[in-house]
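See structure below.
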Amino acid sequence: MGINTIGSEEKETMRELIMSGGPWTNPQRKDILEYCASDVALLRPLLAAIAPEITLTLQRLGHAVWRGRYMGAVATLEYNGVPIDIETLAVLSRHWEEIQETLILDIDKNFGVYEGRTFKLAKFEAYLIENGIPWPRTETGRLALDDNTFRAMAKAYPQISPLRELRHALGELRLQKLAVGPDGRNRTLISPFRSKTGRNQPSNAKAIFGAATWIRGLIKPEPGTALAYLDFSSQEFAIAACLSGDEKMWRAYESGDPYLQFAKDAGLAPDCATKDSHEAVRDRCKAIVLGVQYGMSARGMANRAGILVAEARELLQLHREHYRVFWTWADRNVDNVLAGGTISTPLGWQFRQGYGTSGSPRSILNWPIQSTGADILRLSCVRLMEAGLRICAPVHDAILIQMPIEVIDDQVTLARFIMQQTCRDLLGGRTCLVDAEIIKAPDRYMDMKRGVGMWNTVMRAVGFPEHPLPLISGRAS
Numbered sequence: 001m002g003i004n005t006i007g008s009e010e011k012e013t014m015r016e017l018i019m020s021g022g023p024w025t026n027p028q029r030k031d032i033l034e035y036c037a038s039d040v041a042l043l044r045p046l047l048a049a050i051a052p053e054i055t056l057t058l059q060r061l062g063h064a065v066w067r068g069r070y071m072g073a074v075a076t077l078e079y080n081g082v083p084i085d086i087e088t089l090a091v092l093s094r095h096w097e098e099i100q101e102t103l104i105l106d107i108d109k110n111f112g113v114y115e116g117r118t119f120k121l122a123k124f125e126a127y128l129i130e131n132g133i134p135w136p137r138t139e140t141g142r143l144a145l146d147d148n149t150f151r152a153m154a155k156a157y158p159q160i161s162p163l164r165e166l167r168h169a170l171g172e173l174r175l176q177k178l179a180v181g182p183d184g185r186n187r188t189l190i191s192p193f194r195s196k197t198g199r200n201q202p203s204n205a206k207a208i209f210g211a212a213t214w215i216r217g218l219i220k221p222e223p224g225t226a227l228a229y230l231d232f233s234s235q236e237f238a239i240a241a242c243l244s245g246d247e248k249m250w251r252a253y254e255s256g257d258p259y260l261q262f263a264k265d266a267g268l269a270p271d272c273a274t275k276d277s278h279e280a281v282r283d284r285c286k287a288i289v290l291g292v293q294y295g296m297s298a299r300g301m302a303n304r305a306g307i308l309v310a311e312a313r314e315l316l317q318l319h320r321e322h323y324r325v326f327w328t329w330a331d332r333n334v335d336n337v338l339a340g341g342t343i344s345t346p347l348g349w350q351f352r353q354g355y356g357t358s359g360s361p362r363s364i365l366n367w368p369i370q371s372t373g374a375d376i377l378r379l380s381c382v383r384l385m386e387a388g389l390r391i392c393a394p395v396h397d398a399i400l401i402q403m404p405i406e407v408i409d410d411q412v413t414l415a416r417f418i419m420q421q422t423c424r425d426l427l428g429g430r431t432c433l434v435d436a437e438i439i440k441a442p443d444r445y446m447d448m449k450r451g452v453g454m455w456n457t458v459m460r461a462v463g464f465p466e467h468p469l470p471l472i473s474g475r476a477s
């Protein structure tokens, strides 16, 4: 097979043809096979160069084999794609400009910060003052209006969430960029190993799980099939506890609510406290616990929780005092990397300071947790696929599968077992809980916490039925 010399435009055309999922004519199949084979042929000299390093030890060879098996799984799941309600997508795409106008009228009536399609900073600042919301500011003193800030503040102040979704819909959301083939499946490059933690990095514009949360309502299984969204519960907290050997952290994870348990252990809530009775304290502690796992500063944690920086620093200090074993381990990792050393995951993904891989102490602290999570996800995908389950997409610390309705319950049981066994294999015999949400046709996927409100607003705009709201105490919330 010769070297692939086609231009970048031809390559993009070929990729789009492959990701369409077919059906392909025989000449197209031939072109696809030749294109893919020529790319593989280019790797032969690279394999010859790195083979001595890969085969230096059996452990390294094993790591390389697992990564190769994951790439095989990636090829299959990229072909599988995610089932999309293309009829609803077509309506939204055709009427998107009119929908945007309706969204402004519907959502902004509760905020009063728009003039026409223009977001007015002064009006937004007045809204924040009136509602007592301490909004982060830039170094110049202006209100921070980037999407990351809006996302964080929407978690701390849920009433902001509709406004954040509106700004995203008006500014960044491009429905026509969502990669959906003629068979109604969303396919995009998974881009495995693209981040320094080894996580996948698919295009946010093209992948259904990268777009705004409410857009996921377009995910809908075909007749006779069901989807299952399998999500590791508080996985990063569990990984931190296992890798560091901090038994207090692990007991907090086993409690079922590590955020509330931290509040209890730190003396911020009584032992009898529940999620409902001490919601505010739990939310503040959750921001600190998650902030630590993401390497956030005290200021970032304060913004996330909607609290003062001084309070965030105090909570962070309590975290350090209570989880001393974890912090000793984390600080040792940071010192090791900054001194020129290397840290690695159970399956051999490594990080060291150098060209293209420099990091701050906060990002180094977070790296082993995120990278081990990536190990677990990759190995789970391989095992699930080799067990005969149809994977549609990996989603950070979750996996979406699709099976016939009559077997979905049994397959979810099998998938849970495989995913938890993978945790045991990589976390020294301990495992993470796996939550499962099953969506059977003709129902659609819906994020009931963050997406259903905006979805229903959009559905009202086009005259479509709204999605039922979750019930609280026997009534719709």
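Position one of the sequence shown corresponds to residue 1 (our numbering), numbered consecutively onward.
Even glycine gets a Cβ: it sits at the ideal position worked out from N, Cα and C.
Other residues of its chain near residue i: CB distance less than 6 Å, five sequence neighbours each side excluded
i: E466; result: N456, M459
i: L315; result: I288
i: R475; result: Note that R475 has pLDDT 37, beneath the 50 cutoff, so the model's placement of it is unreliable and the number below is only indicative. There are no such residues.
i: L318; result: A266
i: Q28; result: none
Nearest-angstrom Cβ-Cβ length linking residue i and residue j, presumed shorter than 8 Å
i: G295; j: N366; result: 4 Å
i: K177; j: K206; result: 6 Å
i: A144; j: P136; result: 5 Å
i: L243; j: I401; result: L243 to I401, Cβ: 28 Å. No contact.
i: I54; j: A41; result: Wrong, their Cβ atoms sit about 19 Å apart, outside the cutoff.
i: R216; j: Y445; result: 6 Å
i: G198; j: S344; result: Not confirmed; about 11 Å, so no contact.
i: I104; j: R117; result: 7 Å
i: Y259; j: C285; result: 5 Å
Residue i burial status per 10 Å Cβ neighbour count (16 or more: buried)
i: C272; result: exposed
i: G2; result: In this prediction, G2 scores a pLDDT of 42, lower than 50, which makes its location untrustworthy; the coordinate-derived value is nonetheless stated afterwards. The residue is exposed, with fewer than 16 neighbouring Cβ atoms inside 10 Å.
i: I472; result: For I472, the pLDDT reaches just 46, beneath the cut-off of 50, and the residue's location in the model is therefore unreliable, although a value from the coordinates is still provided. Exposed: under 16 other Cβ atoms inside 10 Å.
i: D146; result: exposed
i: S161; result: buried
i: P158; result: exposed
i: Y79; result: exposed
i: E165; result: buried
i: H278; result: buried
i: K264; result: buried
i: N26; result: exposed
i: D246; result: buried
Same chain only: Cβ atoms within 8 Å of residue i, ignoring 5 sequence neighbours per side
i: R362; result: G295, M296, S297
i: T76; result: M385, I391
i: G341; result: R352
i: W66; result: L347, R378, L379, V382
i: L173; result: A211, A212, I215
i: L121; result: R142, L143, L145
i: L61; result: I54, T55
Beta-carbon contacts of residue i that lie in its chain and below 7 Å, excluding the five residues immediately before and after
i: Q261; result: A252, S255
i: T213; result: D447, R450, G451
i: Q100; result: A169, L170
i: I18; result: I32
i: F119; result: V113, R167
i: Q293; result: E236, F237, A240, N366, I369
i: G373; result: Q235, E236, I239, D397
Residue(s) in a DSSP beta bridge with residue i
i: R393; result: Before going further, note that residue 393 is Ala rather than Arg in the sequence given. Per DSSP, L400.
i: K440; result: A226
i: R187; result: Paired residues: none, contrary to the question.
i: E115; result: T118
i: L377; result: Beta-bridge pairing links L377 to no other residue.
i: T342; result: R352
i: V434; result: F232
i: P465; result: Paired residues: none, contrary to the question.
i: P361; result: Per DSSP, none; premise fails for P361.
i: L143; result: R137
i: P83; result: R185
i: V516; result: The displayed coordinates of the chain run from 1 to 477. Any statement about residue 516 would go beyond what the structure contains.
ask   = Are three or more beta carbon pairs between the region 413 to 421 and the region 333 to 346 nearer than 8 Å?
value = no
request  = Spell out a yes or no on whether the region 181 to 200 and the region 69 to 83 are touching, meaning 3 or more CB-CB pairs, one atom from each, closer than 8 Å.
outcome  = yes
query = Is the number of C-beta pairs between the region 402 to 413 and the region 236 to 253 that are closer than 8 Å three or more?
reply = no
query = Does the pairing of the region 433 to 442 with the region 218 to 225 give three or more beta-carbon distances under 8 Å?
reply = yes
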